[in-house]
Amino acid sequence: MDRKSLSVFINVATTLNFSRVAELNHMSVSAVSRTIARLEEEVGTALLQRDRRSMHLTPAGREFEQFAKESVVRWDEMRRLLSSPDYLRGELSLFCSVTASLNVMGPVIEVFQSRYEHVDLMLHTGDQADGIARVLNRSDDLAVSGYPERMPQSLAFIELMASPLVLCIPVRDCGVRQLVLQPEVDWSKVPFILPERGVSRELLDLWFASLGVQPDVYAQVAGHEAIVAMVSLGLGVGVVPKLVHDGAGMSDRVELIAGPADLPVLPVGLCALKQRLKDPLLATFWQVAAQTYNVA
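Read in order, the letters of the sequence shown are residues 495 to 790 in this note's numbering.
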């Protein structure tokens with residue numbers, strides 16, 4: 495039983511004329527007759543009562559006519575739904591830091607999930623420095639990352655925001671705080687807590703080099719959030735993106751200060767393999783992200 499057969503039956507029930515139905519459906523009269531016979535065999539009862547002079551629906555035929563009309567309407571509705579660009583189904587994996595999941599991707603995810611409820615979004619969190627590698631090795635479909643000095647040619651990147659790097663010191667009175675609040679600061683003697691790798695570390699290395707400063711690195715850690723936590727304990731001066739500082743919830747324990755020169759700005763965005771953007775799921779998420787941040 496298929497849509498074509500149901501449509502033929504509806505025409506027969508409406509016209510009660512095989513010849514007319516054959517003309518409407520570009521079929522032979524015998525093909526129409528075979529279609530009705532096949533439907534009757536499938537439902538197990540006669541749908542039409544016919545003789546040489548007349549034809550009419552049986553009680554079962556009248557019930558089946560209603561069923562056929564409803565089925566054709568639902569079939570057509572389903573085809574329109576499934577062919578619509580708004581109908582997406584499947585799974586996407588997104589990698590980002592905890593801060594980025596809330597303060598960067600939060601608005602994007604909210605819009606995407608409200609529009610495409612049949613897509614399962616798998617969110618993996620960790621050090622943002624791992625984002626590009628995870629996309630390249632296909633551990634994740636998408637990742638939030640800073641824009642590296644050398645972007646792999648296989649990657650697409652869309653910048654969603656820019657966050658300046660900032661210097662953080664502990665609020666509580668301690669040796670680190672006293673050291674950096676002196677009138678004259680020897681920045682080569684300040685204990686720094688820096689990201690161990692990633693785009694922000696690349697930018698900081700260039701910044702220190704431009705100052706002619708060889709930093710005293712107290713610790714190199716994975717994840718900007720960990721840097722803020724260590725600074726709050728009085729272990730050193732941290733350098734993190736401002737969006738991490740603002741989202742860390744430690745404004746009462748960590749204070750921002752001016753450095754010896756303006757710190758670089760970190761471009762933050764979404765990356766994916768260029769070839770994967772042919773996938774409707776990825777392409778749609780990418781588009782939603784661009785629309786959310788008004789990126790052309």
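Built from N, CA and C at the ideal position, the CB exists for glycine as well.
Compute the distance between the beta-carbons of residue i and residue j, then report whether it is under 9 Å.
i, j, result
"L654", "A742", "no"
"D657", "L764", "The identity of residue 657 in the sequence shown is Ser, whereas the question assumes Asp. No, they are not a contact pair."
"M549", "L518", "no"
"R497", "V566", "yes"
"F512", "S527", "yes"
"V684", "G730", "yes"
"V670", "E690", "no"
"P601", "I626", "no"
"A637", "L673", "no"
Return the chain-ordered list of same chain residues with a C-beta closer than 8 Å to the C-beta of residue i, the five sequence neighbours on each side being excluded.
i, result
"S648", "L630, L767, K768, Q769"
"R532", "S499"
Just grab the DSSP bridge partners of residue i for me.
i, result
"S657", "L760"
"E585", "D614"
"C662", "G732, L750"
"Q714", "L688"
"R544", "M549"
"I652", "L764"
"S639", "G763"
"C590", "T619"
Count the other CB atoms, across all protein chains shown, that sit within 10 Å of the CB of residue i; report buried if there are 16 or more and exposed otherwise.
i, result
"Q622", "buried"
"I721", "buried"
"F561", "exposed"
"A516", "buried"
"E719", "buried"
"N788", "exposed"
"P774", "exposed"
"R644", "exposed"
"T508", "exposed"
"A790", "exposed"
"S633", "exposed"
Assuming residue i and residue j make a contact with CB atoms under 8 Å, what is their CB distance in whole Å?
i, j, result
"I652", "W780", "7 Å"
"G640", "V613", "Not quite, the Cβ-Cβ distance comes to about 26 Å (not below 8 Å), so this is no contact."
"L750", "L661", "7 Å"
"G717", "M724", "Not quite, the Cβ-Cβ distance comes to about 11 Å (not below 8 Å), so this is no contact."
"P754", "W681", "6 Å"
"S694", "L659", "6 Å"
Cutting at 7 Å between CB atoms, please list the residues of its own chain near residue i, excluding the five before and the five after it.
i, result
"L771", "A650, A777, W780"
"V711", "F686, L688"
"E534", "A540, L541"
"L617", "L588, S595"
Please work out which residues of its chain come closer than 6 Å, Cβ to Cβ, to residue i, disregarding the five sequence neighbours upstream and downstream, and give them in chain order.
i, result
"L737", "N597, S657"
"F558", "L541"
Using a threshold of 8 Å, is the CB atom of residue i nearer than that to any non-hydrogen atom of the ligand FMN?
i, result
"V567", "Of ligands this structure carries none, so the ligand FMN is not represented either."
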